[in-house]
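Data block below; observations after.
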Amino acid sequence: MNDILEIPALPPRAIVLTPPLSDEEFERMCEKSSFASLERSKEGTIIVNAPAGGLTSDGNREITTQLSNWWKKHRRGRAFDSSAGFFLRDGSMLNPDAAYVTEEQLKGLTRSDLARFPRLAPAFIVELRSESDRLAGVQEKMETWIANGVQLGWLIDPDAKQVHVYTQGSGPRVEPGPAIAGSGPIEGFVLDLEEVWRCYE
């Protein structure tokens, strides 16, 4: 008799708990999650994100490296990679693919505060669209970032080789080109997009 291979059930893409988890309970859940990274909507829905594919991971590495190299030139504030989570004022908790928090934003935060999910909206965030991401879904996430106080956000779309730029007080604009220059909180930072696109070759 042939053995039957049992395939484990796939984890859900979203989880709704009643009552919703507290911030502390949700953070503990994130710490214990070994199969995916978790985010939370303002309504309390837990969003399950699968690990990134190889190309997206390489693109994330390149973006984070360039941001880190710029940070090292002045060493003010902090730069974060895609493993960071931030509790936002609307009750959501989101993970950017890269982020920068200014020195001013860090004032008053303790080492213990930074060891957990910081309760702030980074001044600057990057979202890198993966092959499994619907553009509309990532655009909605960008709007959430801006609504919660992010000053500047870049949605990088490697398939279209363009960047959707989000700022406070204006609608998004699309910028093609070999590089994109930062402004406001990241004045002086220039992301070499050709190096990002090379990760997808």
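Remember, the working numbering sits 744 above the position in the sequence shown when you count from 1.
Just so you know, even glycine gets a beta-carbon here, dropped at the ideal spot from N, CA and C.
Report the three-state DSSP secondary structure of residue i (helix, strand or coil).
{"i": "residue 799", "result": "helix"}
{"i": "residue 839", "result": "coil"}
{"i": "residue 859", "result": "helix"}
{"i": "residue 765", "result": "coil"}
{"i": "residue 752", "result": "Below a pLDDT of 50, predicted positions are generally treated as unreliable, and residue 752, at 46, falls in that range; no measurement from the model is reported."}
{"i": "residue 822", "result": "strand"}
{"i": "residue 914", "result": "strand"}
Please list the terminal residues of the continuous alpha helix (DSSP H) segment that includes residue i.
{"i": "residue 880", "result": "879–891"}
Does the separation of the CB atoms of residue i and residue j fall below 9 Å?
{"i": "residue 882", "j": "residue 898", "result": "no"}
{"i": "residue 866", "j": "residue 907", "result": "no"}
{"i": "residue 874", "j": "residue 800", "result": "yes"}
{"i": "residue 785", "j": "residue 836", "result": "yes"}
{"i": "residue 841", "j": "residue 872", "result": "yes"}
{"i": "residue 932", "j": "residue 816", "result": "no"}
{"i": "residue 929", "j": "residue 868", "result": "yes"}
{"i": "residue 900", "j": "residue 940", "result": "yes"}
{"i": "residue 921", "j": "residue 937", "result": "yes"}
{"i": "residue 830", "j": "residue 844", "result": "no"}
{"i": "residue 828", "j": "residue 862", "result": "yes"}
{"i": "residue 794", "j": "residue 804", "result": "no"}
Starting from residue i, follow its DSSP beta bridges and name the residues at the other end.
{"i": "residue 898", "result": "870 and 909"}
{"i": "residue 919", "result": "907"}
{"i": "residue 936", "result": "923"}
{"i": "residue 793", "result": "781"}
{"i": "residue 770", "result": "Note: residue 770 sits in no beta bridge, so no partner."}
{"i": "residue 944", "result": "BP columns for residue 944 are empty, so no partner."}
Which residues mark the beginning and the end of the beta strand (DSSP E) in which residue i is found?
{"i": "residue 850", "result": "Residue 850 -> not in any beta strand (DSSP E); alpha helix (DSSP H) instead, spanning 847–850."}
{"i": "residue 783", "result": "781–784"}
{"i": "residue 760", "result": "It is not in any beta strand (DSSP E) - residue 760 carries neither H nor E in the DSSP assignment."}
Is residue i a contact residue of the ligand PLP, with contact defined as CB to any heavy atom under 8 Å?
{"i": "residue 835", "result": "In terms of ligand content, the structure shown is empty, and the ligand PLP therefore cannot be addressed."}
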